[in-house]
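Visitor: With the working numbering applied, the sequence shown covers 1 to 153.
Cβ atoms here follow ideal geometry from the backbone N, Cα and C, with glycine treated the same way.
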Amino acid sequence: MFRQFKFEESLYEELHQIPVSTQFKLETIGFQFPLDTWNRLPIEERWVLCHLPIRSKGEKECYCNYLIFLLNREGADPSACDLRNNQSEKKAWDELARVPGEVAAKVRELDVPLYWPDWIKLDDMERYAIYKLCKEESADAQIQQVVQEFLGQ
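#1: Considering Cα atoms alone, identify which of Q32, P19, E137, A141 is closest to D77.
#2: Leaving out five residues on either side along the sequence, give the residues of the same chain with a beta carbon under 6 Å from the beta carbon of V147.
#3: Taking its Cβ as the centre, do 16 or more other Cβ atoms sit within 10 Å of M1, making it buried, or is it exposed?
#4: First and last residue of the alpha helix (DSSP H) that includes F31?
#5: What do you get for P19, buried or exposed, if any count of 16 or more other CB atoms within 10 angstroms of its CB means buried?
#6: Quick one: Cα of D123 to Cα of R98, how far?
#7: May I ask which residues mark the beginning and end of the alpha helix (DSSP H) holding K121?
#8: Check E61 in the structure and name its three-state DSSP category.
#9: Suppose the cutoff is 8 Å on Cβ atoms and the five residues either side in sequence are ignored; what does the same chain contact list for F150 look like?
#10: Would you call R46 buried or exposed, if buried means 16 or more other Cβ atoms sit within 10 Å of its Cβ?
#11: For a test of the three-state rule: what should DSSP assign to A76, helix, strand or coil?
#12: Helix, strand or coil for K135? Go by DSSP, reduced to three states.
#13: Classify I120 as buried or exposed, calling it buried when 16 or more other Cβ atoms lie within 10 Å of its own Cβ.
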């Protein structure tokens with residue numbers, strides 16, 4: 001499944017950046033994929049990484065094995081992929097009891113209406129996208145656009 005968001009439409013044609021939905025998959029399985037390695041892959045391989053699902057343990061293992069294959073072929077180090085290291089760790093965007101501190105501070109600073117009831121209505125990939133943008137201190141306008149896209153405002 002390749003979930004495409006309106007806020008990043010411009011990158012889908014050439015995939016010169018890793019789409020948020022693919023970053024989510026990579027981070028979910030505990031993998032850091034350098035952008036230079038991503039861009040060395042043929043676009044068809046990047047599309048495959050965007051489309052492969054990771055819903056089950058078997059799909060995650062398949063995704064990781066495919067990444068290892070690609071990295072070995074590219075002469076890169078595949079040791080960054082360790083599923084055991086990542087399975088029990090709860091991610092900040094998975095936290096439903098409260099809005100993560102980075103997100104709360106940023107939306108308060110931008111005066112963007114994102115409160116706990118909104119946060120829990122978002123799916124995990126939407127929460128991930130907002131969290132990632134706030135944590136990486138992305139452009140304020142982009143954060144506002146993403147929150148508006150996800151909350152339908």
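Guide: A quick look at the data gives this:
#1: Q32
#2: V112, L114
#3: exposed
#4: Premise fails: F31 is in no alpha helix (DSSP H) and is neither H nor E.
#5: buried
#6: 14 Å
#7: 116-121
#8: helix
#9: L122, E126, A129, I130
#10: buried
#11: coil
#12: helix
#13: exposed
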